[in-house]
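Per the numbering used here, residue 250 is the first one in the sequence shown, and the count goes up by one each step.
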Amino acid sequence: MQTDHGAEEAFRDAAQGLRNGDFSRLEPLFSDAEGDDRPARIIDWHEAGRFRSEPKALAEALTCACFLGRTRVAEYLLRNGVDPSGGAGTGLNALHWAANRGQVAAVRLLLEWHTPLGTRTMYGGNVLDTAIWSAINEPRPGQREVIEELLKSGAQPEDEEWPTGHVEIDALLQRYRPVQTRSV
């Protein structure tokens, strides 16, 4: 059992890790205890009020949950008032990271919460740019499905530089590209 000091130190370390974008390292905090009905530690900390003085870390907790594909934690945070477009301390917000990582369920959840599609990353791209770049340069399962979800939700393919040179992605973009009419 952790002492109060040990629990506070663990929280402070996690909050710093969230603000720094150490999302992979923090993965155990977003998982339910194995063989136990206890919620993820992030939820415990939120319910205990630990994030009251750490609003930036709380926003990054949503981003981290989406990065990791922990939709139960992400949904909890959203239902408890965390801004779906917040948490961009790494230069990418929750939707950008979910798209980058191919986290289809997290992308769908954020779209249900009306997360803006046009928010720009530190690199200047929107979420569709991020998804396309990631699918070509850092391929992971789910990324093409993410691109399609974004297109179905109104992301604009005409903003993208294409053809990309990637046959499957170009075919997907072509299906959603607005029909161009010629003026006579």
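Built from N, CA and C at the ideal position, the CB exists for glycine as well.
Here the structure is a predicted model, which means the values were calculated and not measured.
Asked: Closest Cα partner of residue 347 within the set 368, 314, 404 and 418; Found: 314
Asked: Cβ-based burial, residue 325 [other Cβ within 10 Å; buried from 16]; Found: buried
Asked: Every unbroken alpha helix (DSSP H) inside the region 318 to 365 [4 residues or more]; Found: 320 to 328, 343 to 350 and 353 to 361
Asked: Counted within 10 angstroms of its Cβ, other Cβ atoms place residue 309 as buried (16 or more) or exposed; Found: buried
Asked: Option in 425, 294, 389 and 381 with minimal Cα separation from residue 410; Found: 381
Asked: Cβ-based neighbour list, residue 393, same chain, cut-off 8 Å, excluding 5 preceding and 5 following; Found: 384, 417, 418 and 421
Asked: Inter-residue Cα distance where the pair is residue 358 and residue 387; Found: 23 Å
Asked: Those runs of the alpha helix (DSSP H) which lie wholly inside the region 253 to 320 and span at least 4 residues; Found: 253 to 269, 290 to 296 and 304 to 317
Asked: Coil, strand or helix - residue 405 by DSSP; Found: coil
Asked: Euclidean distance between Cα positions of residue 311 and residue 413; Found: 31 Å
Asked: Nonlocal neighbours in the same chain, by C-beta distance under 7 Å from residue 266, ignoring five residues either side; Found: 274 and 275
Asked: Cα-Cα separation, residue 260 to residue 343; Found: 21 Å
Asked: Cα-Cα separation, residue 377 to residue 277; Found: 29 Å
Asked: Cβ separation of residue 295 and residue 329, assumed to be a contact under 8 Å, to the nearest whole Å; Found: 7 Å
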